[in-house]
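Protein chains: 2
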Amino acid sequence: MLNCPTLPDIREAAERIKPYIKRTPVLTCEGLDCMVGARLFFKCENFQKVGAFKFRGATNAVFSLPEIEVVRGVATHSSGNHGAALALAARNRGVKAYVVMPRTSAKIKKEAVAGYGAEITFCEPTLQARERTLAKVIEKTGATFVHPYNDYRIIGGQGTAALELLEEVPDLEVVMAPVGGGGLLSGTALTVSELSPQTLVIGAEPEGADDAYRSMQEGRIIPSIHPHTVADGLLTSLGEYTFAIIRERIHQIVTVSDEAIIEAMRHIWERMKIVVEPSAAVPFGVLLERKIDLAGKRIGIIISGGNVDLERLPWLSTSNE
Amino acid sequence: MLNCPTLPDIREAAERIKPYIKRTPVLTCEGLDCMVGARLFFKCENFQKVGAFKFRGATNAVFSLPEIEVVRGVATHSSGNHGAALALAARNRGVKAYVVMPRTSAKIKKEAVAGYGAEITFCEPTLQARERTLAKVIEKTGATFVHPYNDYRIIGGQGTAALELLEEVPDLEVVMAPVGGGGLLSGTALTVSELSPQTLVIGAEPEGADDAYRSMQEGRIIPSIHPHTVADGLLTSLGEYTFAIIRERIHQIVTVSDEAIIEAMRHIWERMKIVVEPSAAVPFGVLLERKIDLAGKRIGIIISGGNVDLERLPWLSTSNE
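For the record, the sequence lines run as chains X and A.
Just so you know, we're using this note's numbering here: the first sequence kicks off at 14 and counts up by one.
Just so you know, we're using this note's numbering here: the second sequence kicks off at 14 and counts up by one.
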């Protein structure tokens, strides 16, 4: 796909991935509504296969590649969820997946990628090491690179979560999603801006990895140099495709402290009784910190994933370490 | 209600409580299905208001009491979920709730009961202390006692969870529920045996609190003397009403080790991404231990609740204490 996805492309993606993905529920919770004074609708992609929305984009990418491009497999670098998603999508299509992972990735994420049958190559935890290692893997195997977010097929696939959300709750005033590389936020923005133009789309970003916020201010991509946040799924910086869409289609990026992210995560576990990873708690963290006034609004929130190491919960870190 | 509830009574209870309770989702998880070789349907009462099925029974009891009996409030003793449930049900009806709680109750449960506006009286953690303290509270206030489980209105209310489950998934071969005092299991047995007589009902009980198992063997109530299990919601013993129903209507009680309960709880958190309390993991623990052969069956499991202290997860206990 060479052009930016339109609503018909996203609908087509939804049909393409339907046999493989889970239609995730939209949950509500009065307790959380009361805390922030708004009406919240959580699209639970933590219940998605592989535990994250990433499976939508990966499935769309793998199943829209022509046979000749996938026959020698697909490859990517990923600290976790995209790697697992690509691995399962490739297995579903019957082709090989090669995943380059930093040695420092969470154990649960390494096991997931391996469990779906991908061939893992470990590397140092830097972008340069990832890219160099991936180049070698591709040279050796002839696999096709599927970028974690800066790819229109990935972006279109991620946009299907908002499509389902709006089908179920059409009258949302705001839709919020976390932003790391921007695949989820840009896909969400495409869907929402075309299907429900009056609905605001707001990106939520950790203060310690605020490249999207700064890029929006400056009008050009400002990559994160040394991002540091508990939201380990949001360390990457925007790509040119995701930035262009986000710049054009979203209302605002709001940043949030790690403290509020951890507090938000804990409230979601305690009140909603669902397991979400820190990155998924970032939008609710923004609401808790009340940096923008959304009082009384009907707000859709995309819960991005639920892959978290149950031995190392952030609110236990002082007593455990 | 002086007679054991019939299916029409349970349907009436469902109508009575409908404006107050949440219709909880039925979730599935391929990962867990694979682990035990069966097809599982989880009725998620951890998402119920107050975080447990108990709110169904308490609401049914409070709203079926005649005005003259509730005007001076309702009272109970409870280590947690029933107390919170009664407190919220009473608030919904606009009457006072008095809850006697052992000092040793989990902090999260004390806060919940207080948060719903009940007046708490703390006592020593023995059944005698609970009953003595409750008698004093009732004498002083004139409140009406609502037993946590040995009450037909409570039992009928708990039976509405299975009613919703069977409406959504009618062709279940087995329905499983945990058993403590037996309110949930007996209500489930009433609903399932009348609505779907070919479906087996199986009770799941911790080895360290196996009074229901032993009572079924002996044909009379054998109370637990010093129950000890991680499943802190299942420490109570059967009552005469719950025992009579269970004895007549259920297929089998199966016990399970605390190790398997903790393993089951962790798998449910990790794979399904939902927060469940240890008691709620007991039926899946039975399947993990494979003490009975249910391979290939379509099994409904009632997830009883999700109120757990997030500072004290059982799989972290060695490193935390």
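Don't be surprised by glycine CBs; every beta carbon is placed ideally from N, CA and C.
{"query": "Distance between L251/X and P236/X (C-alpha atoms, nearest Å)", "result": "7 Å"}
{"query": "Nonlocal neighbours in the same chain, by C-beta distance under 6 Å from N105/X, ignoring five residues either side", "result": "Y33"}
{"query": "Residues bridged to P219/X (per DSSP)", "result": "V269/X"}
{"query": "Same chain, Cβ closer than 8 Å to L15/A, neighbours up to 5 away in sequence not counted", "result": "Y165"}
{"query": "Where P191/A sits in the DSSP three-state scheme", "result": "strand"}
{"query": "Interface positions of the stretch 256-287 of chain X facing chain A (Cβ-Cβ less than 9 Å), listed along the chain", "result": "R279, W282, E283, R284, M285, K286, I287"}
{"query": "Span separating the alpha-carbon of L99/X from that of H90/X", "result": "10 Å"}
{"query": "Interface flag, E177/X vs chain A, CB-CB below 9 Å", "result": "no"}
{"query": "Same chain, Cβ closer than 7 Å to R227/A, five either side skipped, listed in chain order", "result": "I235"}
{"query": "Neighbouring residues, chain A, relative to G64/X (Cβ below 7 Å)", "result": "K286"}
{"query": "Within-9 Å CB hit, L53/A to chain X", "result": "no"}
{"query": "Contact check, S199/X vs T255/X, beta carbons under 9 Å", "result": "yes"}
{"query": "Neighbour flag for F68/A against chain X, beta carbons, 9 Å", "result": "no"}
{"query": "Inter-residue Cα distance where the pair is G221/X and A51/X", "result": "26 Å"}
{"query": "Chain A within 9 Å of G319/X, Cβ atoms only", "result": "yes"}
{"query": "Proximity to S209/A [Cα-Cα], best of G196/A, V113/A, L185/A", "result": "L185/A"}
{"query": "Beta-carbon contacts of V243/A that lie in its chain and below 7 Å, excluding the five residues immediately before and after", "result": "D271, I274, I275, P291, P327"}
{"query": "Per-residue contacts from N59/A into chain X (C-beta, under 8 Å)", "result": "K286"}
{"query": "Cβ neighbours of K35/A in the same chain (closer than 8 Å, five flanking residues each side left out)", "result": "F60, Q61, K62"}
{"query": "Residues within the stretch 136-162 of chain A neighbouring chain X, beta-carbon criterion of under 9 Å", "result": "none"}
{"query": "Check whether T173/X and T204/X have beta carbons under 9 Å apart", "result": "yes"}
{"query": "Span separating the alpha-carbon of G313/X from that of L178/X", "result": "8 Å"}
{"query": "Neighbourhood of V87/X by C-beta, 7 Å cutoff - its chain only, sequence neighbours within 5 removed", "result": "V75, L99, A103, V108, A110, A156, T157, V159"}
{"query": "Closer than 7 Å at the beta carbon, the chain X residues around P191/A", "result": "By Cβ distance, chain X contributes nothing, its closest Cβ being about 16 Å from P191/A, past 7 Å."}
{"query": "Nearest-angstrom Cβ-Cβ length linking G298/X and A277/X, presumed shorter than 8 Å", "result": "4 Å"}
{"query": "Given E137/X as reference, the closest of E124/X, V288/X, K153/X, S92/X once Cα atoms are compared", "result": "S92/X"}
{"query": "C-beta neighbour in chain X for E43/A, strict 9 Å", "result": "yes"}
{"query": "9 Å Cβ cutoff, P183/X in contact with chain A", "result": "no"}
{"query": "Same chain, Cβ closer than 6 Å to E25/A, neighbours up to 5 away in sequence not counted", "result": "none"}
{"query": "Distance CB(V289/X)-CB(V269/X) smaller than 9 Å", "result": "no"}
{"query": "Neighbour flag for V289/A against chain X, beta carbons, 9 Å", "result": "yes"}
{"query": "Bounding residues of the alpha helix (DSSP H) (the contiguous stretch that carries C47/X)", "result": "43-49"}
{"query": "Whole-Å CB distance - H95/X paired with P161/X, under 8 Å assumed", "result": "4 Å"}
{"query": "Min CB distance L301/A to chain X below 9 Å", "result": "no"}
{"query": "Any chain X beta carbon closer than 9 Å to E324/A", "result": "yes"}
{"query": "Exposed unless 16 or more other CB atoms sit within 10 angstroms - verdict on A308/A", "result": "exposed"}
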